[in-house]
């Protein structure tokens with residue numbers, strides 16, 4: 001059943017999602033003002049993705065069951081300002097009908113990253129050119145979880161068919177527009193070499209723009225919105241030019257040799273010529289000027305603030321538009337070495353009419369200009385420092401076009417923050433460090449990375465939490481803590497050992513204890529925990545919308561990369577406030593997003609879920625989204641903490657990183673989201689960092705997150721994550737939850753439906769407690785973190801309702817169709833929607849058993865849902881079974897005597913439902 005509130009929320013999201021999609025479009029080329037289209041133009045659309053438009057990537061970050069999705073063809077057809085070549089559009093409609101989209105069988109990450117194009121003939125193209133004066137060629141790509149892109153055709157590179165399409169269109173048209181409907185950046189070097197490339201007058205990234213993508217693209221192509229998106233990644237001519245290229249894609253470990261010199265920080269410092277389109281670049285239909293009109297310094301020392309007042313003027317004569325203002329710093333090289341440019345501030349103007357202007361302010365904390373000294377070369381090891389010298393600021397419309405506007409001098413070395421060594425590598429390797437040439441220019445150099453020097457086990461033992469004396473049930477409920485009648489310690493002291501080990505286990509997927517089809521339930525998942533007034537909290541996959549594998553529908557907003565390209569924090573906050581309202585309508589408490597890993601390499605399959613190659617931009621966008629969700633009364637679970645930078649061997653490959661790069665690049669966005677975005681839920685990553693899996697990484701989850709940042713929220717694992725010893729590292733496994741709790745990762749996700757109390761995963765929490773390798777106080781600490789989080793969720797405001805696993809269904813009294821007796825197994829062998837009639841002769845309670853197979857690995861997810869007489873009953877979730885048939889226990893149902901239509905909907909294709917059984921209890 002769809003709640004009326006959810007439908008209303010979807011209607012509210014649509015227009016702002018459309019605005020965001022339009023603002024994230026990045027126009028890279030627009031020669032001879034070929035865009036926007038005018039009423040005199042007749043447009044020929046080429047490429048099947050005009051119909052099969054990609055709205056997101058695959059996997060958990062894209063699997064939203066949407067009520068509708070607007071294709072490029074639909075969006076342009078709905079726009080009355082232009083004329084489309086309908087004959088060509090009909091040709092594509094017919095061909096796509098006969099050659100439907102290949103979903104790879106529908107399995108987890110099985111969908112190919114591209115679709116076969118309609119073969120073009122010269123006669124088809126010439127006929128289109130006789131009717132149309134401009135052509136749009138649409139290139140489509142998706143990507144997703146569990147599989148990286150590859151430097152091959154149909155992935156990072158164009159296919160022969162796509163190149164043939166572009167070549168033929170170029171030959172017949174003098175005005176060609178390339179639209180890249182992709183999730184990630186792809187190879188663009190062909191723009192300068194393809195035959196008749198001079199015909200390509202315009203190029204833009206449309207990205208994967210959610211449900212409203214077709215409308216948004218039409219808004220921009222037709223001039224109703226001037227493009228204002230700016231690149232969040234550097235686009236190089238060759239993949240080999242990226243600084244991470246030589247250390248990406250291994251299955252054992254990747255050395256982060258690039259250190260802090262990632263993306264534009266590398267290219268602008270060492271290799272400008274390698275860049276085809278620089279970070280921050282993007283065109284508008286109009287022109288702007290940016291002028292620094294005032295620069296002031298407020299305060300002194302590390303607490304000082306720098307204020308930049310910038311006048312932005314639309315100097316064009318025709319088009320209204322928005323401008324992105326970007327501020328970069330060039331820090332003195334000093335002892336540590338620095339990139340030539342680092343983004344330190346940005347903002348976006350309002351819509352400015354021709355000749356209109358606006359003064360915007362960018363404020364920069366002097367402390368945010370500091371660098372982390374992990375070697376002690378400045379005399380201040382494990383500190384953030386400003387080295388002495390001139391700090392020059394550059395203002396402009398991209399990192400390459402920014403011009404120097406002012407500077408300030410730091411006369412002496414300034415320590416802005418004294419910390420402790422944390423997460424330093426245990427493997428020896430070298431990292432990039434600039435070297436000065438005799439002419440004063442920077443060249444590529446290397447230095448040995450400082451390794452670990454601290455005793456991690458001693459740190460852990462010295463900081464064990466106190467153990468609360470167990471009191472047993474004192475009648476204190478969680479609501480009493482909320483009302484100030486008792487404190488959290490008094491409440492948690494009531495919980496037994498069994499309660500404590502159960503509360504650190506989340507249940508899912510598709511738990512019936514929360515909204516149907518979501519990713520997890522946690523909190524009061526056992527009867528005992530529920531008796532203490534702990535509600536069950538619902539977590540849903542994101543970040544681009546609410547994933548419900550029950551078949552219920554939700555809005556899908558643009559992917560993270562597109563939203564990053566808006567450079568618009570206010571818009572992101574407003575959009576995610578509406579996403580939060582839809583979560584409230586669906587009784588979802590936390591969205592598993594935003595994703596905020598760094599774009600370390602263009603081939604990472606999940607880059608689309610993340611924002612940028614820059615940590616500051618990433619952190620600010622994530623903070624805006626988490627604030628928006630909080631405004632709606634829900635939360636976002638920022639992920640993946642940290643360095644989840646490739647999908648290949650994602651649960652095994654060790655990210656070997658310097659402490660400086662960890663702090664300045666990989667955890668910096670999370671720090672911003674925690675401190676400025678008020679994030680209260682974090683998901684750790686699958687991978688180890690410097691030998692320690694993040695789900696049991698003490699320095700990550702306690703030393704840095706809790707002690708340094710003052711974080712008081714929860715930390716959860718990624719689904720079915722591995723953990724290893726918090727100080728000795730070593731072997732990793734999914735059952736080492738004692739290591740997880742010791743590191744203050746609070747929740748293990750997930751143990752299966754109804755799996756928390758019986759310890760379905762057979763984790764080691766109780767045995768570790770008995771042996772003394774885990775203290776009761778550590779479990780109590782995580783329980784307090786979890787309950788403190790729950791206090792601020794919508795679940796606390798909903799009526800506290802006990803989980804009723806048995807639902808009652810009404811029978812039909814007759815059936816004209818062939819039926820099976822409920823005592824007989826239903827042999828279905830179904831992979832898509834199927835239906836059967838059951839006759840119940842004896843009323844009673846029946847437990848559902850499903851026998852399914854799914855030819856994927858254990859991290860893959862699929863599901864189907866069961867309805868009885870058109871009423872949703874339950875979801876049947878399954879992980880990959882490597883093709884083996886397994887039994888999945890469904891829920892019990894109460895059935896009266898009579899006839900029931902059993903409908904099975906395959907919400908997530910891929911599994912085979914071999915058999916259903918209804919077992920009388």
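Residue numbers (full-length UniProt numbering): 1 to 921. Backbone N, C-alpha and C define an ideal beta-carbon position, used for all residues, glycine too. Note that the structure is predicted; figures quoted are calculated from it, not measured.
CA-to-CA distance, residue 575 to residue 729, given in whole angstroms: The residue given as residue 729 occupies position 729 in the chain shown. The residue given as residue 575 occupies position 575 in the chain shown. Residue 729 and residue 575 have their C-alpha atoms spaced approximately 41 Å apart.
Closest residue to residue 238 among 59, 267, 822, 48 (Cα-Cα distance): On the chain shown, residue 238 is found 238 positions in, with the first residue counted as 1. When each option's Cα is compared against that of residue 238, the closest is 267.
Same chain only: Cβ atoms within 7 Å of residue 118, ignoring 5 sequence neighbours per side: Sequence index remark: in the chain shown, residue 118 carries index 118 (1-based). Sequence-distant Cβ neighbours of residue 118 in its own chain, meaning closer than 7 Å and more than five residues away, are 48, 92, 95.
Rounded separation between residue 202 and residue 358 - CA only: Residue numbering aside, residue 202 sits at position 202 when the chain shown is read from its first letter. Residue numbering aside, residue 358 sits at position 358 when the chain shown is read from its first letter. About 29 Å.
Neighbourhood of residue 600 by C-beta, 6 Å cutoff - its chain only, sequence neighbours within 5 removed: Residue numbering aside, residue 600 sits at position 600 when the chain shown is read from its first letter. Excluding sequence neighbours, residue 600 sits near 244, 645.
Given 8 Å, three or more beta-carbon pairs between the stretch 874-885 and the stretch 502-519: Yes, the stretch 874-885 touches the stretch 502-519.
Residue 733 in three-state terms, based on DSSP: Residue numbering aside, residue 733 sits at position 733 when the chain shown is read from its first letter. Taken through DSSP and simplified to helix, strand or coil, residue 733 comes out as strand.
Proximity below 8 Å, CB of residue 169 to CB of residue 179: The sequence position of residue 169 within the chain shown is 169, counting from 1. The sequence position of residue 179 within the chain shown is 179, counting from 1. Contact flag unset, no.
Cβ separation of residue 594 and residue 543, assumed to be a contact under 8 Å, to the nearest whole Å: As a first step, residue 594 is located in the chain shown; it is residue number 594 there, counting from the start. As a first step, residue 543 is located in the chain shown; it is residue number 543 there, counting from the start. In this structure, residue 594 and residue 543 form a Cβ contact; the two beta carbons are roughly 4 Å apart against a cut-off of 8 Å.
C-alpha gap between residue 525 and residue 73, whole angstroms: For the purposes of this step, residue 525 is taken as the residue at position 525 of the chain shown. For the purposes of this step, residue 73 is taken as the residue at position 73 of the chain shown. Approximately 47 Å between the Cα atoms of the pair.
Buried or exposed by the 16-neighbour rule on C-beta atoms within 10 Å, applied to residue 363: As a first step, residue 363 must be located in the chain shown, where it is residue number 363. Burial call: exposed.
Reference residue 609; option with closest CA among 592, 616, 419: Start at 1 with the first residue of the chain shown, and residue 609 comes out as number 609. Looking at the Cα atoms, 592 is the closest of the given residues.
Residue burial classification, residue 448 (beta-carbon count within 10 angstroms, cutoff 16): The count along the chain shown starts at 1 and reaches residue 448 at position 448. By the Cβ neighbour-count rule, residue 448 is exposed, with fewer than 16 other Cβ atoms within 10 Å of its own.
Rounded distance between the beta-carbons of residue 860 and residue 146, thought under 8 Å: Taking the first residue of the chain shown as 1, we reach residue 146 at position 146. Taking the first residue of the chain shown as 1, we reach residue 860 at position 860. Contact flag correct, Cβ pair sits at about 7 Å.
Presumed contact (8 Å Cβ cut-off) between residue 523 and residue 549, rounded CB distance: Walking along the chain shown from the start, residue 523 turns up at place 523. Walking along the chain shown from the start, residue 549 turns up at place 549. At roughly 21 Å, the Cβ-Cβ gap does not stay under 8 Å, so residue 523 and residue 549 are not in contact.
Collapsed DSSP secondary structure at residue 567 in the structure displayed: To locate residue 567, count along the chain shown from 1; it is residue 567. If DSSP states are grouped into helix, strand and coil, residue 567 belongs with coil.
Proximity winner among 82, 197, 27, 491, relative to residue 280 (alpha-carbon distances): Taking the chain shown and counting its residues from 1, the one referred to as residue 280 is at position 280. The closest CA to that of residue 280, considering only 82, 197, 27, 491, is found on 27.
Spatially closest choice to residue 607 from 654, 647, 698, by CA coordinates: Within the chain shown, the letter at position 607 stands for residue 607. Among 654, 647, 698, the Cα nearest to that of residue 607 belongs to 647.
Start-to-end residues for the alpha helix (DSSP H) that takes in residue 778: As a position in the chain shown, residue 778 is number 778, starting the count at 1. First-last of the alpha helix (DSSP H) with residue 778: 776-791.
Sub-8 Å separation of residue 638 and residue 700 beta-carbons: Counting from one through the chain shown, the residue named residue 638 turns up at place 638. Counting from one through the chain shown, the residue named residue 700 turns up at place 700. Residue 700 sits away from residue 638, with the two beta carbons spaced by 8 Å or more.
4-residue-minimum alpha helix (DSSP H) runs that sit fully inside the stretch 99-164, ordered along the chain: Counting whole runs of 4 or more residues, the stretch 99-164 contains the alpha helix (DSSP H) stretches 122-131.
Beta-carbon proximity check, residue 321 vs residue 285, cutoff 8 Å: Position 321 of the chain shown holds residue 321. Position 285 of the chain shown holds residue 285. Here residue 321 is near residue 285, since their CB atoms are less than 8 Å apart.
Whole-angstrom C-beta distance between residue 181 and residue 138, which should lie under 8 Å: Taking the first residue of the chain shown as position 1, residue 138 is located at position 138. Taking the first residue of the chain shown as position 1, residue 181 is located at position 181. Confirmed, Cβ separation roughly 6 Å.
Burial state of residue 297, where buried means 16 or more other Cβ atoms lie within 10 Å: The residue given as residue 297 occupies position 297 in the chain shown. Around the beta carbon of residue 297, fewer than 16 other beta carbons sit within 10 angstroms, so the residue counts as exposed.
Inter-residue spacing [alpha-carbon to alpha-carbon] between residue 582 and residue 561: Stepping through the chain shown from its first residue, residue 582 is reached at position 582. Stepping through the chain shown from its first residue, residue 561 is reached at position 561. Rounded to the nearest angstrom, the two C-alpha atoms are 22 Å apart.
Cβ neighbours of residue 453 in the same chain (closer than 8 Å, five flanking residues each side left out): Residue numbering aside, residue 453 sits at position 453 when the chain shown is read from its first letter. Taken in chain order, the residues that qualify are 421, 424.
Proximity winner among 218, 839, 803, 829, relative to residue 816 (alpha-carbon distances): Here residue 816 refers to the residue found at position 816 when the chain shown is read from its first residue. Measuring from the Cα of residue 816, the nearest candidate turns out to be 839.
Residue of 52, 83, 56 minimising C-alpha distance to residue 97: Residue numbering aside, residue 97 sits at position 97 when the chain shown is read from its first letter. Here the closest residue by C-alpha is 52.
Nearest candidate by alpha-carbon position, reference residue 215, set 704, 546, 234, 557: The count along the chain shown starts at 1 and reaches residue 215 at position 215. Checking every option, the nearest Cα to that of residue 215 belongs to 557.
Sheet register partners of residue 641 (DSSP bridge): Taking the chain shown and counting its residues from 1, one reaches residue 641 at position 641. Answer is 684.
DSSP three-state assignment for residue 539, whether helix, strand or coil: By 1-based counting over the chain shown, the position of residue 539 is 539. In the structure shown, the three-state DSSP call for residue 539 is strand.
Sequence-distant residues of the same chain with beta carbon closer than 7 Å to residue 849, five excluded per side: Start at 1 with the first residue of the chain shown, and residue 849 comes out as number 849. Excluding residues within five positions, the ones whose Cβ falls inside 7 Å are 887, 889, 890, 917, 919.
Buried or exposed (CB count within 10 angstroms, at least 16 for buried), residue 749: Numbered from 1 along the chain shown, position 749 holds the residue referred to as residue 749. It is buried - the Cβ of residue 749 has at least 16 other Cβ atoms within 10 Å.
Cβ pair residue 478, residue 532 closer than 8 Å: Numbered from its first residue, the chain shown carries residue 478 at position 478. Numbered from its first residue, the chain shown carries residue 532 at position 532. In contact: residue 478 and residue 532 (Cβ atoms closer than 8 Å).
Counterpart residues of residue 307 in DSSP-defined beta bridges: As a first step, residue 307 must be located in the chain shown, where it is residue number 307. Residue 307 is bridged by DSSP to 296, 363.
Contact belief for residue 810 with residue 837 at Cβ below 8 Å, rounded distance in angstroms: As a working mapping, residue 810 is identified with position 810 in the chain shown. As a working mapping, residue 837 is identified with position 837 in the chain shown. Not a contact, Cβ separation roughly 15 Å.
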